[in-house]
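Q: At position 193 of the sequence shown (counting the first as 1) the number is 192 in numbering that gives the first Met the number 0, and the numbers step up by one without a gap. All residues carry an ideal CB built from backbone N, CA and C; glycine is no exception.
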Amino acid sequence: MNTGKVWLVGAGPGDAGLITVKGLACLREAEVLVFDRLVNPSLLNEAPAHCQRIDVGKQANHHPVPQQDINQKIINFARLGYNVVRLKGGDPFVFGRGGEECQALHAAGIAFEVVPGVTAAIGGLASAGIPVTHRDYASGFHVVTGHLQDGKQPQDWAALARVPGTLVVLMGMTQLGSICDALISGGKPATTPAAVISQATTPQQRAVYGTLSDLPVLCNAAGLCAPGLIVIGDVVQLHHLFTLNAVPAG
0 MNTGKVWLVG
10 AGPGDAGLIT
20 VKGLACLREA
30 EVLVFDRLVN
40 PSLLNEAPAH
50 CQRIDVGKQA
60 NHHPVPQQDI
70 NQKIINFARL
80 GYNVVRLKGG
90 DPFVFGRGGE
100 ECQALHAAGI
110 AFEVVPGVTA
120 AIGGLASAGI
130 PVTHRDYASG
140 FHVVTGHLQD
150 GKQPQDWAAL
160 ARVPGTLVVL
170 MGMTQLGSIC
180 DALISGGKPA
190 TTPAAVISQA
200 TTPQQRAVYG
210 TLSDLPVLCN
220 AAGLCAPGLI
230 VIGDVVQLHH
240 LFTLNAVPAG
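1. With which residues is P192 paired in a DSSP beta bridge?
2. Indicate the three-state DSSP secondary structure (helix, strand or coil) for A248 in the structure shown.
3. Count the other C-beta atoms from every protein chain shown that fall within 10 angstroms of the C-beta of H238, then say buried if there are 16 or more, exposed otherwise.
4. What does a CB cutoff of less than 7 Å around L223 pick up in its chain, not counting 5 residues either side in sequence?
5. Assuming A127 and D233 make a contact with CB atoms under 8 Å, what is their CB distance in whole Å?
6. Going by DSSP in three states, D90 sits in which element: helix, strand or coil?
7. Quickly, what does DSSP pair K4 with across the bridge? List them, please.
8. Have a look at D180 and Q174 and give me their C-alpha separation to the nearest angstrom.
9. Could you check whether V5 and A106 sit closer than 8 Å to each other, using their CB atoms as the reference points?
10. Alpha carbon to alpha carbon, how far is A157 from C25?
11. Need the endpoints of the beta strand (DSSP E) that G171 sits in, please.
12. Distance, Cα to Cα, T188 vs R134?
13. With a threshold of 16 other CB atoms inside 10 Å of the CB of A245, please say whether the residue is buried or exposed.
14. Which residue's Cα is closest to the Cα of G80: L7, K21, V31?
15. Take T190 and list the residues in its own chain whose beta-carbon comes closer than 6 Å to its own, dropping the five residues that flank it on each side.
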């Protein structure tokens, strides 16, 4: 029996229309589809009727299928000769554990290909009227995670507070208050524009715009929760140029 192949496909930040043409073509040829929680459910219908669909979605502090088991599943199906699509929200290589899965596939001798996707760190901001860079406001940006692997040292928020440009935090909603406090303690002005975009690019998208000091209070009052993007920097003030479903500050 011939060994199959694995495609690691980025599904984009939430809107099904933001998957790439190549990613959609892979879906339509899949024999096994292994997908994450943040993938738009309508994309699952793009796979053929005979395709096996396997949900391996994770939530904060709840991983029903551990990463090593996911790795083994996609390896096993490929060894059985199936063409496997590993469908991930956003981009596979932006906090999507795509690198870990590539390492496992390489070690197992399985052929694979990565199909990039629109990362929420950029596409999600755009949906809320926030450009990640702007010649007048930010000549660069940093994307970090607010949730590190167990045993890892926490982010050096004091160092990040001193870095110019836009700061985007993924998977940080449960730590929003402490992140804002740490950045202020590190020297970032409390008046720095800041925002949270919840469920970006979907019909359920909501956003709160404020400053580093009042953002946690505004988000709590608005009932915003994960999944959400935190963005900090002067580019946030450009959101007023767009007409969006935003929760007014205050």
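A: The answer reads as follows:
1. T210
2. In this prediction, A248 has a pLDDT of 43, which is less than 50 and means its spatial position is unreliable; what the coordinates show is noted afterwards. Three-state DSSP puts A248 in coil, outside helix and strand.
3. In summary, H238 is buried, with 16 or more beta-carbon neighbours lying within 10 Å of its beta-carbon over all protein chains present.
4. V195, S197, R205, V207
5. Not really, about 15 Å apart at Cβ, beyond 8 Å.
6. coil
7. A110
8. 10 Å
9. No, they are not a contact pair.
10. Taking the straight line from one Cα to the other gives about 42 Å.
11. Neither: G171 is in no beta strand (DSSP E) and is coded neither H nor E.
12. It should be noted that the sequence gives Pro, not Thr, for residue 188. Their Cα atoms are separated by approximately 21 Å.
13. Low confidence applies to A245: its pLDDT is 49, below 50, so where it sits in the model is not reliable, and the reading given next is rough at best. By the neighbour-count rule (16 or more Cβ atoms within 10 Å), A245 is buried.
14. V31
15. T210
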